[in-house]
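The structure appears right after this line, and notes come after that.
There are 2 protein chains.
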Amino acid sequence: MSNYIEPIARLVNMFTKLPGVGAKTAQRYALKVLSMSDAEAQNFVDAILHAKQNVKLCSVCGNYTEQDPCKICSTRDHSIICVVHETKDVDAIERLGEFKGVYHVLGGALNPANNVNIGDLRFAELFRRLQKGDTKEVILATNTRVEGEATATYIARFLKGSGIKVTRLAQGISSGSELQYADEVTLSRAFSNRQEI
Amino acid sequence: MSNYIEPIARLVNMFTKLPGVGAKTAQRYALKVLSMSDAEAQNFVDAILHAKQNVKLCSVCGNYTEQDPCKICSTRDHSIICVVHETKDVDAIERLGEFKGVYHVLGGALNPANNVNIGDLRFAELFRRLQKGDTKEVILATNTRVEGEATATYIARFLKGSGIKVTRLAQGISSGSELQYADEVTLSRAFSNRQEI
Numbered sequence: 008m009s010n011y012i013e014p015i016a017r018l019v020n021m022f023t024k025l026p027g028v029g030a031k032t033a034q035r036y037a038l039k040v041l042s043m044s045d046a047e048a049q050n051f052v053d054a055i056l057h058a059k060q061n062v063k064l065c066s067v068c069g070n071y072t073e074q075d076p077c078k079i080c081s082t083r084d085h086s087i088i089c090v091v092h093e094t095k096d097v098d099a100i101e102r103l104g105e106f107k108g109v110y111h112v113l114g115g116a117l118n119p120a121n122n123v124n125i126g127d128l129r130f131a132e133l134f135r136r137l138q139k140g141d142t143k144e145v146i147l148a149t150n151t152r153v154e155g156e157a158t159a160t161y162i163a164r165f166l167k168g169s170g171i172k173v174t175r176l177a178q179g180i181s182s183g184s185e186l187q188y189a190d191e192v193t194l195s196r197a198f199s200n201r202q203e204i
Numbered sequence: 008m009s010n011y012i013e014p015i016a017r018l019v020n021m022f023t024k025l026p027g028v029g030a031k032t033a034q035r036y037a038l039k040v041l042s043m044s045d046a047e048a049q050n051f052v053d054a055i056l057h058a059k060q061n062v063k064l065c066s067v068c069g070n071y072t073e074q075d076p077c078k079i080c081s082t083r084d085h086s087i088i089c090v091v092h093e094t095k096d097v098d099a100i101e102r103l104g105e106f107k108g109v110y111h112v113l114g115g116a117l118n119p120a121n122n123v124n125i126g127d128l129r130f131a132e133l134f135r136r137l138q139k140g141d142t143k144e145v146i147l148a149t150n151t152r153v154e155g156e157a158t159a160t161y162i163a164r165f166l167k168g169s170g171i172k173v174t175r176l177a178q179g180i181s182s183g184s185e186l187q188y189a190d191e192v193t194l195s196r197a198f199s200n201r202q203e204i
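Chains A and B are the protein sequences, given in the same order. Take any residue in the first sequence, count from 1 to its spot, add 7: that is its number in the working numbering. Take any residue in the second sequence, count from 1 to its spot, add 7: that is its number in the working numbering.
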């Protein structure tokens, strides 16, 4: 138990709500905020309020946006939809600057053990988009853990026989890494997905 | 470079001002705040504003407080002053529940290389307290790194010949740790500070 006075204890407690932040780290953050000038602390508060007031979900793809539909949905090729878990996956792919299609952000990964079920993710919205008939390809860019595989399998099954091409990001050895350090599943997938050169 | 929209990028940037938070962690925090309910985000903001508005420095000891002088300075024995760097050191000692004296929070450690000089810490306030003549003992609970030692030495020199007893927290092997893992300085201090039992 900490002996901090109430306003500090309350701030520490708020910081523990951030992902991966325990009591010690939350204390460091709270004391840092206290040591900020009033203007800096106000900037912090304004940034939170500004983000909460101006950021919403795109009604098409489910990504965070200021305008609806979002910039990507407003300007890009809707015949290819890349399905991801989270907004940070969109950010990672956009940083490559190569993909010209649009996204669908599910809002998580299927994980019944953690109470993330089919109804909790934006599957219905995805299937409604696909029923419009403009889609030629769905790229399943879900993660390669059990939940990501389950999520991809669920979508792939739904689309079977729809005539829409369904692809999955290639799995294999990471670029620049040594064979000996790859885990067995990765190595096995790299073998079965081997490419003729 | 990240492709987040402006309100998110701004929030990410604010989080990087917290100690030890890089771009990736700041993104996780920002996305977590966005996923909070409006009420939760408002609680976050209120906790920051509440702390900034209600927490000040105690005019006697320099610790964070809501009332001035602070609860510790108002109720405890002023004949023993324990000198520490930061408010979190007070918290650590208070958690023991053993010390009955008061504190003096310097606000940091002497570190000329990082531009923390004598004028930046609350030394003058300490010496003014000591000149009142109520003090029998000053416990130097500064850290055991170079900066903490320099800070302690500076105070000890100032008090030489003042008749005030000056003590330093014992240094030695940590409780429950193996001799072989102690660094040389620690082991050497444990030897020179050995106690008759």
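Quick reminder that beta carbons are idealized off the backbone N, C-alpha and C, glycines included. The model shown is predicted, which means the values in this text are computed figures rather than measured ones.
Taking only the alpha-carbon atoms, compute the straight-line gap between residue i and residue j and give it to the nearest angstrom.
i, j, result
"L5 (chain B)", "N10 (chain A)", "Summary: the structure shown does not reach residue 5 (chain B), with chain B confined to residues 8 through 204, and so no result is reported for it."
"G108 (chain B)", "A120 (chain B)", "33 Å"
"V112 (chain B)", "I88 (chain A)", "58 Å"
"Y165 (chain B)", "A159 (chain B)", "Per the sequence presented here, residue 165 (chain B) reads as Phe, with Tyr not at that position. Each residue's Cα considered, the two are about 10 Å apart."
"L176 (chain A)", "G155 (chain A)", "12 Å"
"T82 (chain B)", "E101 (chain A)", "60 Å"
"S181 (chain B)", "A16 (chain A)", "29 Å"
"N150 (chain B)", "D75 (chain A)", "54 Å"
"I12 (chain B)", "E73 (chain A)", "7 Å"
"H57 (chain A)", "K63 (chain A)", "11 Å"
"A148 (chain B)", "N124 (chain B)", "19 Å"
"V52 (chain A)", "A46 (chain B)", "14 Å"
"S42 (chain A)", "V67 (chain B)", "18 Å"
"L18 (chain B)", "A54 (chain A)", "5 Å"
"A30 (chain B)", "P14 (chain B)", "15 Å"
"F198 (chain A)", "P26 (chain B)", "44 Å"
"V192 (chain A)", "R152 (chain A)", "11 Å"
"N118 (chain A)", "K143 (chain A)", "28 Å"
"D190 (chain B)", "V28 (chain A)", "30 Å"
"D96 (chain B)", "K39 (chain B)", "30 Å"
"S169 (chain A)", "F106 (chain A)", "23 Å"
"Q178 (chain B)", "L194 (chain B)", "9 Å"
Interface residues of chain B around residue i at Cβ under 8 Å?
i, result
"H57 (chain A)", "P14, R17, L18"
"D45 (chain A)", "K59"
What residue range does the alpha helix (DSSP H) around residue i cover?
i, result
"I180 (chain B)", "It is not in any alpha helix (DSSP H) - I180 (chain B) carries neither H nor E in the DSSP assignment."
If you reduce the DSSP assignment to three classes, tell me which class residue i lands in.
i, result
"E254 (chain A)", "Since the first residue of chain A shown is 8 and the last is 204, residue 254 (chain A) is not available in this structure."
"N118 (chain B)", "strand"
"I146 (chain B)", "strand"
"V67 (chain A)", "coil"
"K139 (chain A)", "coil"
"T23 (chain A)", "coil"
Strictly below 7 Å CB to CB, what residues from chain B border residue i?
i, result
"A54 (chain A)", "R17, L18, M21"
"F51 (chain A)", "M21, I55"
"A48 (chain A)", "I55, K59"
At a CB-CB cut-off below 9 Å, which residues of chain B make contact with residue i?
i, result
"K39 (chain A)", "K24, L25, P26"
"V123 (chain A)", "What V123 (chain A) touches in chain B: nothing, since even the nearest Cβ is about 13 Å away."
"D84 (chain A)", "By Cβ distance, chain B contributes nothing, its closest Cβ being about 17 Å from D84 (chain A), past 9 Å."
The beta strand (DSSP E) that contains residue i, what's its start and end?
i, result
"T193 (chain A)", "Element bounds for T193 (chain A): not the beta strand (DSSP E) but the alpha helix (DSSP H), 191–199."
"V222 (chain B)", "The question about residue 222 (chain B) has no answer, for chain B in this structure spans 8 to 204."
Would you mind telling me which residues of chain A sit closer than 9 Å to residue i, beta carbon to beta carbon, in chain order?
i, result
"E73 (chain B)", "I12, E13, P14"
Using a cut-off of 7 Å between C-beta atoms, extract the partners of residue i located in chain A.
i, result
"Q34 (chain B)", "K95"
Which residues of chain D have a Cβ atom closer than 8 Å to the Cβ of residue i, listed in chain order?
i, result
"V62 (chain B)", "Among the chains of the structure shown, chain D does not appear; the protein chains present are A and B."
> At what residue ranges does the stretch 35–62 of chain A contain a whole run of the alpha helix (DSSP H), taking only runs of 4 or more?
Replying inline: 45–61
>> Runs of 4 residues minimum, wholly inside the stretch 79–136 of chain B: which ones carry the alpha helix (DSSP H) assignment?
In response: 94–103
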